[in-house]
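Below you'll find the structure, written out as structure tokens, and then a few comments.
Number of protein chains: 2
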Amino acid sequence: MSNSRVNVRWVAEQAGVSPATVSRVSRGSAQVSPELRERVLRVIEEHGYRPNHFGRALAERRHGALGLVFPGLSGPYFSELIQGFESEALATGDQVLLLSSHYSADTDDKVLDLAARVDGMAIHAGTVSDAVVEQVSQQIRVVVMADKAGPAHASVSTDNSTVGTLTRHLLVDHGYRRLAFVGTPEGSPDVTARWEAFLAAHREAGAVPPAGPTLVALAQADGAIAAQKLFDESDARPDAVVCANDETALGLILGALGRGLRVPGDVAVTGFDDMPMAALVRPGLTTVRQPVRELATTTAQLLHAPLTQQDGDTVLDTDVVLRGSCGCQDSSGGPTTHRSSAGGDS
Amino acid sequence: MSNSRVNVRWVAEQAGVSPATVSRVSRGSAQVSPELRERVLRVIEEHGYRPNHFGRALAERRHGALGLVFPGLSGPYFSELIQGFESEALATGDQVLLLSSHYSADTDDKVLDLAARVDGMAIHAGTVSDAVVEQVSQQIRVVVMADKAGPAHASVSTDNSTVGTLTRHLLVDHGYRRLAFVGTPEGSPDVTARWEAFLAAHREAGAVPPAGPTLVALAQADGAIAAQKLFDESDARPDAVVCANDETALGLILGALGRGLRVPGDVAVTGFDDMPMAALVRPGLTTVRQPVRELATTTAQLLHAPLTQQDGDTVLDTDVVLRGSCGCQDSSGGPTTHRSSAGGDS
DNA sequence: TAAGTTTCTGAAACCGGTTTCCTGACCGGT
DNA sequence: ACCGGTCAGGAAACCGGTTTCAGAAACTTA
Numbered sequence: 267m268s269n270s271r272v273n274v275r276w277v278a279e280q281a282g283v284s285p286a287t288v289s290r291v292s293r294g295s296a297q298v299s300p301e302l303r304e305r306v307l308r309v310i311e312e313h314g315y316r317p318n319h320f321g322r323a324l325a326e327r328r329h330g331a332l333g334l335v336f337p338g339l340s341g342p343y344f345s346e347l348i349q350g351f352e353s354e355a356l357a358t359g360d361q362v363l364l365l366s367s368h369y370s371a372d373t374d375d376k377v378l379d380l381a382a383r384v385d386g387m388a389i390h391a392g393t394v395s396d397a398v399v400e401q402v403s404q405q406i407r408v409v410v411m412a413d414k415a416g417p418a419h420a421s422v423s424t425d426n427s428t429v430g431t432l433t434r435h436l437l438v439d440h441g442y443r444r445l446a447f448v449g450t451p452e453g454s455p456d457v458t459a460r461w462e463a464f465l466a467a468h469r470e471a472g473a474v475p476p477a478g479p480t481l482v483a484l485a486q487a488d489g490a491i492a493a494q495k496l497f498d499e500s501d502a503r504p505d506a507v508v509c510a511n512d513e514t515a516l517g518l519i520l521g522a523l524g525r526g527l528r529v530p531g532d533v534a535v536t537g538f539d540d541m542p543m544a545a546l547v548r549p550g551l552t553t554v555r556q557p558v559r560e561l562a563t564t565t566a567q568l569l570h571a572p573l574t575q576q577d578g579d580t581v582l583d584t585d586v587v588l589r590g591s592c593g594c595q596d597s598s599g600g601p602t603t604h605r606s607s608a609g610g611d612s
Numbered sequence: 267m268s269n270s271r272v273n274v275r276w277v278a279e280q281a282g283v284s285p286a287t288v289s290r291v292s293r294g295s296a297q298v299s300p301e302l303r304e305r306v307l308r309v310i311e312e313h314g315y316r317p318n319h320f321g322r323a324l325a326e327r328r329h330g331a332l333g334l335v336f337p338g339l340s341g342p343y344f345s346e347l348i349q350g351f352e353s354e355a356l357a358t359g360d361q362v363l364l365l366s367s368h369y370s371a372d373t374d375d376k377v378l379d380l381a382a383r384v385d386g387m388a389i390h391a392g393t394v395s396d397a398v399v400e401q402v403s404q405q406i407r408v409v410v411m412a413d414k415a416g417p418a419h420a421s422v423s424t425d426n427s428t429v430g431t432l433t434r435h436l437l438v439d440h441g442y443r444r445l446a447f448v449g450t451p452e453g454s455p456d457v458t459a460r461w462e463a464f465l466a467a468h469r470e471a472g473a474v475p476p477a478g479p480t481l482v483a484l485a486q487a488d489g490a491i492a493a494q495k496l497f498d499e500s501d502a503r504p505d506a507v508v509c510a511n512d513e514t515a516l517g518l519i520l521g522a523l524g525r526g527l528r529v530p531g532d533v534a535v536t537g538f539d540d541m542p543m544a545a546l547v548r549p550g551l552t553t554v555r556q557p558v559r560e561l562a563t564t565t566a567q568l569l570h571a572p573l574t575q576q577d578g579d580t581v582l583d584t585d586v587v588l589r590g591s592c593g594c595q596d597s598s599g600g601p602t603t604h605r606s607s608a609g610g611d612s
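So the protein sequences, as listed, match chains A and B. Per the working numbering, numbering through the first sequence is continuous, rising by one, with the last residue being 612. Per the working numbering, numbering through the second sequence is continuous, rising by one, with the last residue being 612.
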């Protein structure tokens with residue numbers, strides 16, 4: 267801490283002016299005569315003075331920081347989410363404070379701590395109890411991601427109903443009869459909505475859905491576990507598998523190939539996310555593209571906006587991306603996309 | 267902001283005591299008579315008073331936060347890094363401020379901003395200029411990750427020389443003659459050290475190394491690109507490929523399989539990291555296990571430790587993990603590991 | 001030249017806690 | 001009854017900025 271003694275008053279003294287003038291110069295808030303400004307700037311430059319963040323924050327009554335609460339980092343979804351959020355926040359001059367819940371019990375308390383040091387907080391679904399979200403919403407601006415809005419906070423999510431379109435494609439266009447769904451609805455509004463869209467599409471098509479989803483988590487390794495459940499331990503192998511995200515889909519494909527099954531010949535597979543790898547594997551992964559980065563940046567923008575706005579739910583459009591893994595012709599030219607019909611703000 | 271008016275003085279007034287007493291109760295720093303403590307606690311409880319972070323930080327002259335600077339989030343390496351760091355920091359009561367450089371030019375300035383709001387900063391290799399690292403080191407405690415220490419800051423890294431052991435295994439034990447190396451040394455001390463270990467092993471074994479590395483980045487998609495370069499555009503296909511990390515190795519394997527090549531029959535592949543997926547693919551990926559989480563937690567611990575310690579370089583041990591992709595028998599029972607000989611602190 | 005504006009600057013109050021310093025009460029001991 | 005010692009708790013200073021307020025100086029305008 268070489269320069270722990272350089273504060274406004276000290277700089278003011280060196281430059282022969284008042285602390286007020288130093289403040290005015292350092293933040294450029296008001297007119298200062300060229301001569302004094304010059305004197306002050308020289309001292310600032312010379313001693314590398316940077317206004318103490320706390321003094322400033324205390325006086326301004328704002329933190330200049332946003333909080334981001336998410337369950338844990340696994341895979342490209344959360345990576346993209348964090349990057350997008352961080353990038354947008356920095357663009358508007360805000361710092362980002364991170365809180366990973368790790369699904370642990372004392373997260374609620376940590377969130378309340380965090381609420382005391384940020385101007386706004388983005389909370390991903392499945393991390394903290396509704397009661398705490400509510401409580402925090404009353405202190406600072408809160409936006410929840412991938413969930414519904416509440417009385418005092420807005421939300422941003424993506425349109426999961428497109429899984430219905432995808433399921434209909436498998437049932438109707440390709441004529442698959444025994445579909446499986448890989449993912450755990452409980453604790454994730456996203457997976458819940460996808461599972462429900464999967465069921466709804468079966469109803470509409472007059473097809474019989476599986477008794478329940480194949481319950482695994484969302485990492486690539488979980489796809490390998492699902493492969494074991496579906497291909498080794500099950501008596502009737504499905505002819506198409508709808509996965510809750512791309513990672514499990516890739517894990518599942520690797521598991522299928524490892525067992526000598528052809529994809530999509532013996533089993534068709536679809537994902538959700540359209541992560542970069544989805545276009546690179548062979549066959550290409552049929553999936554739903556969701557704008558994760560936009561999800562994050564929109565969230566950050568809402569947090570930065572004035573508190574007066576009451577935004578409700580923002581739902582971002584998603585697209586079906588048809589590649590080879592569902593049985594379609596895998597054209598290396600741009601894949602066919604079906605735009606979902608989700609509206610903007612509700 | 268329902269409770270923006272609840273501060274020490276207000277609570278003090280409500281409880282009929284002085285602000286000093288409220289402070290003493292809220293932080294439990296000194297003896298307060300049971301009766302007053304009770305009165306104060308009731309008011310605190312009732313109105314959900316939480317001491318303003320800035321007031322406290324300003325008075326205590328510490329931020330209660332650590333900064334983490336890294337290039338970008340791609341893949342499990344950085345995910346694990348952030349999680350480990352965040353987890354350790356929270357355990358000691360520190361918050362985490364995130365700064366992702368995105369390889370952009372104005373990172374240096376952002377880092378200096380960040381330095382003004384944290385007690386210590388972890389900087390990953392390849393994010394900011396040495397000069398800035400040096401400058402920040404003079405203000406706060408700095409630990410660099412995956413690089414060497416400097417005059418004023420410590421470092422934590424992992425032992426990359428194990429790539430030499432792995433390369434020797436390919437050359438000597440398996441007898442491969444044409445090896446390739448996938449990764450870009452420039453800008454990454456880790457990849458540089460791995461490439462050098464790769465070259466050194468060739469020299470020791472009297473083998474001829476490739477003219478240069480196959481230059482791609484570290485994401486899974488880059489492995490697919492490397493596959494194109496090595497299998498489609500090259501005249502002499504290598505019989506073994508050493509990848510700078512597991513992600514590119516997996517991308518490369520997918521690329522090889524997609525071209526009808528057998529792994530390891532036609533081409534052997536190795537990685538670095540031992541990410542979870544490495545054990546799940548078939549054949550299992552031969553790789554080097556590095557303790558990423560320990561790298562992160564050690565870094566956080568060093569930052570939390572008193573400033574007086576001069577730690578220099580900490581190098582964490584890494585292990586060769588032999589699975590099927592190099593041509594070894596892929597025993598599903600625990601893989602053989604060769605422990606590296608790296609010391610602890612230097 | 002007098003009156004009215006505008007522009008610049010410093011003194012002082014304030015943001016919300018923490019901590020030092022000091023007073024007054026209470027204790028046991030002689 | 002008097003004295004030294006301990007302890008609880010309040011007044012005030014301080015952490016490092018920002019901002020309001022008011023006064024002084026410079027410049028217009030009549």
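All residues carry an ideal CB built from backbone N, CA and C; glycine is no exception.
Nearest-angstrom Cα separation, counted from residue j out to residue i
i: Arg271 of chain B; j: Leu569 of chain A; result: 22 Å
i: His368 of chain B; j: Pro337 of chain B; result: 5 Å
i: Arg460 of chain A; j: Val438 of chain A; result: 18 Å
i: Val482 of chain A; j: Asn273 of chain A; result: 55 Å
i: Leu527 of chain A; j: Val533 of chain A; result: 7 Å
i: Gln280 of chain A; j: Arg303 of chain A; result: 13 Å
i: Glu346 of chain B; j: Arg275 of chain B; result: 44 Å
i: Pro285 of chain B; j: Ser299 of chain B; result: 15 Å
i: Ser421 of chain A; j: Phe538 of chain A; result: 21 Å
i: Leu380 of chain A; j: Lys376 of chain B; result: 22 Å
i: Gln486 of chain B; j: Leu546 of chain A; result: 9 Å
i: Asp501 of chain B; j: Lys495 of chain B; result: 10 Å
i: Arg322 of chain A; j: Ala522 of chain A; result: 58 Å
i: Phe344 of chain B; j: Val399 of chain B; result: 20 Å
6 Å Cβ shell around residue i - same chain, five flanking residues per side excluded
i: Met541 of chain A; result: Pro342 and Asp512
i: Ala391 of chain A; result: Ala412, Asp413 and Pro455
i: Pro317 of chain A; result: Ser292
i: Gly430 of chain A; result: Ala463, Ala466 and Ala467
i: Val408 of chain A; result: Met387, Val402 and His419
i: Ser427 of chain A; result: Ala463
i: Glu352 of chain A; result: Val362
i: Ala608 of chain B; result: Low local confidence applies: a pLDDT of 47 at Ala608 of chain B is under 50, so the model's placement there is unreliable, with the coordinate-based value given in what follows. The residues are Asp425, Val581 and Asp583.
i: Val356 of chain B; result: A small correction: the amino acid at residue 356 of chain B is Leu; Val does not occupy that position in the sequence shown. Excluding positions up to five away in sequence, the list is empty.
Bridge partners - residue i, DSSP secondary structure assignment
i: Ala418 of chain A; result: In DSSP, Ala418 of chain A forms no bridge with anything.
i: His390 of chain B; result: B:Met411
i: Ala506 of chain B; result: B:Leu445 and B:Ala534
i: Gln361 of chain A; result: A:Ala331
i: Thr424 of chain B; result: B:Leu582
i: Ser500 of chain A; result: According to DSSP, which records beta bridges pairwise, Ser500 of chain A is partnered with nothing at all.
i: Ser395 of chain A; result: DSSP, once it has assigned bridges, lists no residue as partnering Ser395 of chain A.
Proximal residues to residue i (C-beta, below 8 Å), its chain only, five neighbours per side dropped
i: Gln401 of chain A; result: Leu378
i: Ile406 of chain A; result: Ala381, Val384, Asp385, Gly386 and Met387
Cβ-based neighbour list, residue i, same chain, cut-off 7 Å, excluding 5 preceding and 5 following
i: Val457 of chain B; result: Gly449, Thr450, Pro451 and Ala510
i: Thr393 of chain B; result: Val335, Phe336, Pro337, Ser367 and Thr373
i: Tyr442 of chain A; result: Leu436, Asp505, Ala506 and Ala534
Contact test: residue i Cβ vs the ligand FAD heavy atom, cutoff 8 Å
i: Glu311 of chain A; result: Ligands are entirely absent from the displayed structure, and the ligand FAD is therefore not among its contents.
ask   = Along the chain, which unbroken stretches of the alpha helix (DSSP H) at least 4 residues long are found entirely within the segment 508-580 of chain A?
value = Taking 4 residues as the minimum length, the alpha helix (DSSP H) runs contained wholly in the segment 508-580 of chain A are 512-524 and 558-570, in order along the chain.
ask   = Listed in chain order, which residues of the segment 481-493 of chain B have Cβ atoms closer than 8 Å to some Cβ of chain A?
value = From the segment 481-493 of chain B, only Ala485, Gln486, Ala487 and Ala490 have a Cβ closer than 8 Å to chain A.
request  = With 8 Å as the limit, tell me which residues of the segment 545-563 of chain B have their beta carbon closer than that to any beta carbon of chain A; keep them in chain order.
outcome  = Under the 8 Å Cβ criterion, the segment 545-563 of chain B contributes Leu546, Val547 and Arg548.
query = When you check each C-beta in the segment 347-370 of chain A against every C-beta of chain B, which residues fall closer than 7 Å?
reply = For the segment 347-370 of chain A, the set of residues with a beta-carbon nearer than 7 Å to any beta-carbon of chain B comprises Ile348, Gln349, Glu352, Ser353, Leu356, Gln361, Val362, Leu363, Leu364, Ser366 and His368, in chain order.
key: beta strand (DSSP E) segments (min. 3 residues) lying fully within the segment 442-498 of chain B   = Qualifying beta strand (DSSP E) stretches, in chain order: 445-448.
message = Quick check for students: name the residue ranges of the beta strand (DSSP E) that lie wholly in the segment 281-315 of chain A, counting only runs of 3 or more.
response = Runs of the beta strand (DSSP E) inside the segment 281-315 of chain A: none found.
query = Just by C-beta distance, which residues in the segment 372-399 of chain A are closer than 9 Å to chain B?
reply = Those would be Lys376, Leu378, Asp379, Leu380, Ala381, Ala382 and Arg383, in chain order.
inquiry  = Ignoring anything shorter than 3 residues, give me the beta strand (DSSP E) runs that lie fully in the segment 326-352 of chain B, in order along the chain.
reply    = 331-336, all fully within the segment 326-352 of chain B.
key: Under 9 Å (Cβ pairs) to chain A, residues found in the segment 296-320 of chain B   = Cβ contacts with chain A: Gly314, Arg316, Pro317, Asn318, His319 and Phe320.
query = Which residues, taken in chain order from the segment 320-343 of chain B, show a beta carbon closer than 7 Å to some beta carbon of chain A?
reply = Of all residues in the segment 320-343 of chain B, Phe320, Gly321, Ala323, Leu324, Gly338, Leu339 and Ser340 have a Cβ within less than 7 Å of some Cβ in chain A.
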